[in-house]
C-alpha cells in the first residue's frame, strides 16, 4: 500500500532557473531545438549482473529495468521520452522500477508519460518513488495518474513481490530533499531481501545503518555536463550526491549492499548533455542460497 499526501504548493521553493524556464521555454522550443541538433540522442542501456541472497537453492533469475528523471516538460523532447519508454518495453523486464522526477514545472506533462510507462510490460509490477520536481509541481495528480496507469507509487512504504520472489520487498523512500522521508516506515515489515527505491543518493544519510541489499536512484544526471572521462562538472548539492554521482557502487555500510545511480532519461536546466548520456538500466539478478536476515538493524547516522 502507499500513502497519497495532500497536494502542497512547492512552487515557492523552486529554483530561479525553474521559473525562468517556465517563462522563457514553457512551450518546449528549447527541447525542440536541442532534439533537432542531435544533442538529445536516444538513451543507452546499462546492462548489469547482480547477485542477491535467496532462501531457496534454485530460483529463476529476475530481470529488473530501472529508469529515472524523465523530466517531461520544456527541456526534454517528447520523442526522447517516447524512445526511452520504447527501450524499456523492449527490455521485457519482470519488474519495472522508476526513480522519480517524472515532470518539470507542470503536472500536465505526466499524462503522456504515464500512458507510455503503463505500456511497459512488467508482470511482477511497476513501482515508483517521487522526485523533488514532482513535489514542486504537485505530487497528488502525479500519483493519481501513475496509479491509473498501473504504476504503484511507494511513499515511505514497501511491497512484497509475489512467488517465487516472495522473499523480496521493494522499499520506496520519499524524496530526501523535498519530501517527508521516513526510513523506519519504509523498511517496516520487510523481513527478507530489501531493494530500496529512492530519488537521490542523499537517501543513504536517512537509511543510516539499516540493512538493505540493493538501492536504485537517480537525481544527479551524472552531472549532465561532464568531462570526457565522465567526471561531472556539477552535481546537485549534497554529500552523497557528490560521492556517488553515477554508476554502480559497493557500499561499506551496510556491508555487501550495492548502490546504482542512474544518469536518468531527461534534461533539467539545460536541454543537452555532454559526456553524460541519458540511460536506462536492466539488471539480471541471480541468487545465492544463504540464510536471509530477518531482523532490521538499528538506525544510525553514517560517518
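Numbering (our numbering), first residue to last: 5 to 307. The beta carbon of each residue, even a glycine, is placed where N, CA and C say it ideally should be.
- List in chain order: all unbroken alpha helix (DSSP H) runs of 4+ residues lying wholly within the segment 114 to 167. Counting only runs of 4 or more, we get 114 to 122, 136 to 141, 143 to 152.
| query | Since residue 55 sits in a beta bridge, which residues does DSSP pair it with? | reply | On the chain shown, residue 55 is found 51 positions in, with the first residue counted as 1. Answer is 290, bridged to residue 55.
Reduced DSSP secondary structure (H/G/I, E/B, other) of residue 252: Along the chain shown, one-based indexing puts residue 252 at 248. Looking at residue 252 - three-state DSSP - the assignment turns out to be strand.
* Asked: beta strand (DSSP E) containing residue 199: first to last residue?
  -> Counting from 1 along the chain shown, the entry for residue 199 is found at position 195. Start and end: 197 to 201.
Checklist line | Test item: CB-CB of residue 133 and residue 154 under 8 Å | finding: As a working note, residue 133 is residue 129 in the chain shown. As a working note, residue 154 is residue 150 in the chain shown. Against a cut-off of 8 Å, the Cβ pair of residue 154 and residue 133 comes out as no contact.
If you draw a straight line from the C-alpha of residue 212 to the C-alpha of residue 80, how long is it? Numbered from 1 along the chain shown, position 208 holds the residue referred to as residue 212. Numbered from 1 along the chain shown, position 76 holds the residue referred to as residue 80. C-alpha separation (whole angstroms): 34 Å.
Run of the alpha helix (DSSP H) containing residue 85, from where it starts to where it stops:
As a first step, residue 85 must be located in the chain shown, where it is residue number 81. It spans 82 to 94 - the alpha helix (DSSP H) in which residue 85 sits, taken as one unbroken run.
### Option in 82, 203, 225, 78 with minimal Cα separation from residue 116
Residue 116 sits at position 112 when you count from the first residue of the chain shown. Check the Cα spacing between residue 116 and each of 82, 203, 225, 78: the tightest is with 82.
query = By Cβ distance, which residues of its chain are closer than 6 Å to residue 281, with the 5 residues on each side in sequence left out?
reply = As a working note, residue 281 is residue 277 in the chain shown. Only 48 meet the Cβ criterion.
Practice prompt. Measure the CB-CB distance between residue 53 and residue 171 and report whether it falls below 8 Å.
Written response: Taking the first residue of the chain shown as position 1, residue 53 is located at position 49. Taking the first residue of the chain shown as position 1, residue 171 is located at position 167. Between residue 53 and residue 171, the gap from beta carbon to beta carbon reaches 8 Å or more.
Open item on the list: Closest to residue 226 by C-alpha separation, out of 207, 108, 266, would be which residue?
Closed with: As a working note, residue 226 is residue 222 in the chain shown. When C-alpha distances from residue 226 are compared across 207, 108, 266, the shortest belongs to 266.
Can you check which of these residues, 246, 102, 275, 245, is closest to residue 147 by C-alpha distance? For the purposes of this step, residue 147 is taken as residue 143 along the chain shown, with counting starting at 1. Measuring from the Cα of residue 147, the nearest candidate turns out to be 102.
inquiry  = Just to confirm the assignment, what range does the beta strand (DSSP E) spanning residue 176 have?
reply    = Position 172 of the chain shown holds residue 176. In the DSSP assignment, residue 176 falls within the beta strand (DSSP E) that extends over 172 to 176.
How would you label residue 86, buried or exposed, when you count the other beta carbons within 10 angstroms and need 16 or more for buried? Indexing the chain shown from 1 puts residue 86 at position 82. Under a 10 Å Cβ-count criterion, residue 86 is classified as exposed, with fewer than 16 other Cβ atoms of the shown protein chains found around its own Cβ.
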